[in-house]
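>
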Amino acid sequence: MSFFIVFAVVVFLYADRERNKEWIERMGAYLFAAIFLTTVFGSMAPHFFSLI
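Under the UniProt record's numbering, the first residue of the sequence shown is numbered 1, with each subsequent residue one higher.
1) Do Ala8 and residue 68 count as a contact pair if the criterion is CB distance below 7 angstroms?
2) When the Cα atoms are used, what is the spatial distance from Phe41 to Lys21?
3) Would you identify the three-state DSSP class for Ala29, choosing helix, strand or coil?
Given below as structure tokens:
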């Protein structure tokens, strides 16, 4: 999950904003969802994430 977040941030920063605008917006939505789900599941099951 953390590798995906780093990859999404790098792509979001260095992509061509004019040509890939829709794709960047989609990646931003995926990034927001990944951070949200990680926060929710992390607060619900901290013992599970401590094993990873």
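Note that beta-carbon positions come from the ideal geometry of N, C-alpha and C, so glycine has one too.
From the atom records:
1) The requested residue 68 does not occur in the structure, where the chain is confined to residues 1 to 52.
2) Against the sequence shown, residue 41 aligns to sequence position 41. Against the sequence shown, residue 21 aligns to sequence position 21. Approximately 30 angstroms between the Cα atoms of the pair.
3) For the purposes of this step, residue 29 is taken as the residue at position 29 of the sequence shown. Reduced to three states, the DSSP call for Ala29 is helix.
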